[in-house]
Structures are given as C-alpha cells and as structure tokens.
Amino acid sequence: GADGSIRSGLAIMDVGGNLNTATLELTNLDGAIVGPATALSIPPGGQVALFLHELFNLDDDELDFRGVLRVTTSAEAAVIGLRARTNQRSDYLITTTPPTIETAPTTTSDLFFPHIADAGGWSTRFVLFSGSAGQSSSGSLSFVDQEGQALDLALEP
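Now the structure itself:
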C-alpha cells in the first residue's frame with residue numbers, strides 16, 4: 412500500500428479436522444452493518460488469511476476501515492486479527508490483535524497495558540468495547556508512569 416496506509420484482516424484455521432464455514436460480519440464503530448455477511452470455507456486442518464478489502468466490497472476511501480469484524484464458525488477454529496501498515500519510510504509493519512469471545516463471562520478485574528507509546532513519532536491506539544453483543548460497559552481509564560504518577564496524555568475520541 413501507499414505510505415501511511417493501514418489494512419486490517421484476519422487469519423482463521425480449522426483445528427477440528429472438518430470442513431469449516433466461517434461467517435464474517437463487518438460493522439462500523441457505531442454498530443451499523445457494512446454490507447452483506449461473507450462466508451469462507453476452510454478445509455479440514457487448513458487456514459485462510461485475508462485482508463478486509465479482499466473479503467468485503469470496500470471503496471478506496473474505506474480501505475483504512477475502523478470497526479468490528481464478527482466471526483462465527485461452524486466448527487472449532489483458531490482466529491487472529493491482523494493489522495498492517497506501510498509507514499512513511501515504506502517499511503511494511505504487521506501485528507496481530509487477539510479476538511474476544513462474546514459468550515465468555517465478563518470480568519470486573521483491573522486490566523493493565525504494561526507499555527504505551529506516545530512520543531518520537533510513535534503512538535498507541537486503544538479501542539474499548541464491551542466484548543458482549545448488544546451490551547454496553549462502563550469504567551475508568553488511568554494512565555500512570557513507572558512510579559505510579561499520573562500521565563497527562565491527550566486523548567482522541
């Protein structure tokens with residue numbers, strides 16, 4: 412992609428040794444559905460790795476899509492999110508993002524991010540959501556340094 416471009420995708424692997432069908436539903440951050448659902452066939456013990464623009468009919472201005480991808484499989488599967496970026500030096504960078512299981516019990520425990528970047532051209536983006544379909548959540552977010560002192564960070568909505 413062009414310098415500064417970001418692409419999201421996923422990798423799915425069948426772990427049960429059976430033909431597996433994955434249904435993919437894409438929604439905006441406000442929950443609005445983006446186009447029809449897409450179905451993928453995953454061969455027994457096989458895997459599929461694709462970017463969203465390869466799965467959904469996204470316009471050029473939607474290639475840096477931000478939203479939620481819901482994956483439902485017909486059998487046991489391993490799923491991981493992919494996030495790729497071509498930086499301003501034309502370096503191709505890719506990372507994974509873990510999925511959340513909507514049927515998992517919720518937690519009220521504190522969650523910690525041990526490291527965030529916010530200087531020298533680096534930044535960290537947090538996307539907070541309830542993880543359960545149709546439910547909202549609330550809480551507080553605190554940023555502290557290594558000594559436990561409050562950090563003054565500018566947040567974007």
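Numbering (this note's numbering), first residue to last: 412 to 568. Glycine residues also receive a C-beta, built at the ideal position from the N, C-alpha and C atoms.
Is the distance from the Cβ of Asn439 to the Cβ of Gly478 below 7 Å?
On the sequence shown, position 28 is the one that residue 439 refers to. On the sequence shown, position 67 is the one that residue 478 refers to. Cβ atoms of Asn439 and Gly478: closer than 7 Å.
Out of curiosity, what's the CA-to-CA distance linking Ser551 and Ile417?
In the sequence shown, counting from the first residue as 1, residue 551 sits at position 140. In the sequence shown, counting from the first residue as 1, residue 417 sits at position 6. The straight-line gap from Cα to Cα measures roughly 29 Å.
CB Gly492 to CB Thr508, shorter than 7 Å?
Along the sequence shown, read from residue 1 onward, the residue named residue 492 stands at position 81. Along the sequence shown, read from residue 1 onward, the residue named residue 508 stands at position 97. Yes, these two residues count as a Cβ contact at 7 Å.
As an exercise, report each continuous beta strand (DSSP E) stretch of at least 3 residues that is fully enclosed by the segment 501-537, in chain order.
For the segment 501-537, whole beta strand (DSSP E) runs of length 3 or above, ordered along the chain, are 503-508.
Kindly list the residues whose CB is nearer than 6 Å to the CB of Val490, restricted to its own chain and excluding five residues on each side of it in sequence; keep chain order.
Within the sequence shown, the letter at position 79 stands for residue 490. Once the five neighbours on either side are set aside, the close Cβ partners of Val490 are Ile423, Val482, Pro510.
Would Glu436 pass as a contact of Ala450 if the rule is Cβ separation under 7 Å?
Within the sequence shown, the letter at position 25 stands for residue 436. Within the sequence shown, the letter at position 39 stands for residue 450. No, the pair does not count as a contact, with Cβ atoms beyond the cut-off.
Tell me where the alpha helix (DSSP H) around Leu466 begins and ends.
Numbered from 1 along the sequence shown, position 55 holds the residue referred to as residue 466. Where Leu466 is concerned, the enclosing alpha helix (DSSP H) stretches over 463-466.
When the Cα atoms are used, what is the spatial distance from Gly456 to Ile512?
Here residue 456 is taken as the residue at index 45 of the sequence shown, counted from 1. Here residue 512 is taken as the residue at index 101 of the sequence shown, counted from 1. Answer to the nearest angstrom: the Cα atoms are 21 Å apart.
Roughly how many whole angstroms lie between the Cα atoms of Phe602 and Gly559?
A query on residue 602 cannot be resolved here, the shown segment of the chain reaching from 412 to 568 and no further.
Measuring alpha carbon to alpha carbon, tell me which residue in Glu465, Gln557, Ser549, Ala443 is nearest Thr519.
Here the question's residue 519 lines up with position 108 in the sequence shown. Comparing Cα positions, the closest option is Ser549.
What is the DSSP secondary structure of Asn439, counted as helix, strand or coil?
Along the sequence shown, read from residue 1 onward, the residue named residue 439 stands at position 28. Here Asn439 sits in strand by DSSP.
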